[in-house]
Amino acid sequence: MPTGIGGPSGARAETPRELALRHGLTVSGERPTLPGYVRQLWARRHFITAFATAKTHAQYSQAKLGQLWQLVTPLLNAAVYYFIFGILLGTSKDVPDFVPFLVTGVFIWTFTSNSVMAGTRAVTGNIGLVRALHFPRASLPIALAMQQFQQLLFSMGVLTVILVGFGQLPQASWLLVLPALALQTVFNTGVAMMVARISAHTPDVAQLMPFVLRTWMYSSGVMWSISTVLRGHDLPEWVMLGLQYNPAAVYIDLVRFALIDSYTSAQLPPHVWAVALGWAALFGVGGFMYFWKAEERYGRG
1 MPTGIGGPSG ARAETPRELA LRHGLTVSGE RPTLPGYVRQ LWARRHFITA
51 FATAKTHAQY SQAKLGQLWQ LVTPLLNAAV YYFIFGILLG TSKDVPDFVP
101 FLVTGVFIWT FTSNSVMAGT RAVTGNIGLV RALHFPRASL PIALAMQQFQ
151 QLLFSMGVLT VILVGFGQLP QASWLLVLPA LALQTVFNTG VAMMVARISA
201 HTPDVAQLMP FVLRTWMYSS GVMWSISTVL RGHDLPEWVM LGLQYNPAAV
251 YIDLVRFALI DSYTSAQLPP HVWAVALGWA ALFGVGGFMY FWKAEERYGR
301 G
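Read in order, the letters of the sequence shown correspond to residues 1 to 301 in full-length UniProt numbering.
See the structure below:
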């Protein structure tokens with residue numbers, strides 16, 4: 001009678017898995033434990049920062065204005081929205097300090113929008129890197145979210161000039177921008193990791209995402225006041241709650257409250273800081289774990 005692998009005739013044949021374990025072999029690209037994955041990311045923090053910075057410099061390297069497009073693009077969007085909503089539709093009549101209101105909304109929304117779009121390309125746009133090297137794949141969406149944060153910091157300088165030009169002078173409340181943007185950054189990174197995993201296995205999501213983001217933008221009060229609309233219309237309760245506690249609107253509201261004198265606490269939804277923290281924790285932690293669970297499948301197939 002024939003003999004089994006690793007034993008005499010009649011003995012149970014050794015499985016390939018048992019044979020691999022006996023010789024100290026491990027699965028290529030196997031997903032590490034969650035604590036181990038966090039440690040791997042921390043060990044590559046310098047790569048993440050360098051990758052984000054390199055992407056920032058390379059993004060507009062072929063354009064004559066270079067990185068000025070980081071400022072020109074949202075400013076042009078703000079100008080278009082001002083003409084349509086502020087002048088043609090008369091939205092500015094119901095919103096004090098409409099220009100600071102609008103420009104702040106556009107800049108903060110752009111941070112979220114660009115982070116999500118970058119997430120859709122995090123894996124698919126770097127597939128050669130993913131297949132060639134072994135590293136925690138979450139480095140990619142985190143780096144791209146960090147790239148958008150770097151661009152936001154560059155834009156905040158211009159936003160400050162615009163605010164001062166329209167009579168919004170710096171004061172202690174401006175410091176509230178720091179925790180608001182920190183929470184928004186965690187939220188954005190979590191969403192970027194979620195869409196990175198989805199688009200890695202369903203690339204068509206990247207084509208659908210601009211329509212999703214456009215709908216999200218119009219429901220986030222970027223160019224109109226949510227509080228004014230809620231006062232002037234008899235809307236269903238679920239619609240009112242959805243508009244008030246929409247995460248993008250929450251972060252925009254917090255930054256407006258910090259920077260614009262006429263934007264008072266009466267225009268904020270109840271428990272707004274707790275809600276902002278909740279969205280950041282839910283999507284930051286949830287998005288990270290959702291991405292980690294598919295770690296061994298990125299770049300395959």
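Yeah, the Cβ is synthetic: ideal placement off N, Cα and C, and Gly gets one too.
For LEU175 and ALA182, I'd like the C-alpha separation in whole angstroms. 12 Å
Residues in its own chain within less than 7 Å of PHE135 by CB, not counting five upstream and five downstream? ARG44
Contact the stretch 81–88 vs the stretch 226–239: 3+ CB pairs below 8 Å: no
Assuming GLY287 and VAL191 form a contact by the criterion Cβ under 8 Å, report the distance between their Cβ atoms to the nearest whole angstrom. 6 Å
Residue from TYR298, MET289, ARG297 with nearest C-alpha to THR33: MET289
Are there 16 or more other CB atoms within 10 angstroms of the CB of GLN171, so buried, or fewer, so exposed? exposed
Using beta-carbon positions only, say whether GLY299 and ARG137 come within less than 9 Å of one another. yes
DSSP three-state call for GLY286: helix, strand or coil? helix
Among TRP109, MET194, LEU259, which has the Cα closest to the Cα of GLN151? TRP109
Among VAL103, ALA52, PHE154, which residue has its Cα nearest to the Cα of LEU76? VAL103
Backbone CA spacing between residue 307 and SER219 [nearest angstrom]: Here the chain has residues from 1 to 301 only, and residue 307 is not among them.
Which value, in whole angstroms, describes the spacing of the CA atoms of PRO16 and ARG297? 21 Å
Under 8 Å, with one C-beta from each stretch per pair, do the stretch 231–241 and the stretch 206–219 reach the 3-pair mark? no
I need the DSSP call for GLN168, collapsed to helix, strand or coil. coil
Taking the straight line between their C-alpha atoms, what separation do you get for ALA200 and VAL285? 20 Å
Which listed residue (SER139, TYR37, PRO247, GLU30) has its alpha carbon closest to that of ALA118: SER139
By the 10 Å Cβ neighbour count, where 16 or more other Cβ atoms means buried, how is VAL255 classified, buried or exposed? buried
For PHE51, collect the residues of the same chain with a Cβ closer than 6 Å to its Cβ; drop the 5 residues on either side in sequence, then sort them by chain order. ALA143
Could you give the distance in angstroms between the alpha-carbon of THR56 and the alpha-carbon of ASN114? 12 Å
So GLY248 and ALA180 are supposed to be a Cβ contact under 8 Å. How far apart are they, rounded? Sequence inspection shows Ala at residue 248; the Gly mentioned does not correspond to that position. Not a contact, Cβ separation roughly 12 Å.
Among residues of its own chain, excluding the 5 on either side of residue 309, which ones have a beta-carbon nearer than 7 Å to its beta-carbon? With the chain running from 1 to 301 in the structure shown, residue 309 is simply not present.
Report the start-end ranges of each beta strand (DSSP E) in the stretch 101–168 that is 3 residues or longer and not cut off at the edges. none
Nearer than 8 Å: is that true of the beta carbon of LEU208 relative to any heavy atom of the ligand NAD? The ligand NAD is not part of this structure, which contains no ligands at all.
Please work out which residues of its chain come closer than 8 Å, Cβ to Cβ, to ALA266, disregarding the five sequence neighbours upstream and downstream, and give them in chain order. SER227
Would ILE222 be called buried (16 or more neighbouring beta carbons within 10 Å of its own) or exposed? First, the amino acid is wrong: residue 222 is Val here, not Ile. So VAL222 ends up on the buried side.
Report the rounded CA-to-CA distance for VAL272 versus VAL250, giving the unit in angstroms. 7 Å
I'd like the list of long-range same chain contacts for ALA281, defined as Cβ closer than 6 Å, with 5 residues on each side in sequence excluded. none
Ordered along the chain, which non-local residues of its own chain (more than five positions away) have a Cβ less than 6 Å from that of LEU159? PHE107
Find the nearest neighbour of PHE166 within the set PRO74, GLU30, ASP261, judged by alpha-carbon distance. ASP261
Count the other C-beta atoms from every protein chain shown that fall within 10 angstroms of the C-beta of ILE127, then say buried if there are 16 or more, exposed otherwise. exposed
Using a 10 Å radius around the Cβ and a threshold of 16 neighbouring Cβ atoms, would you call LEU41 buried or exposed? buried
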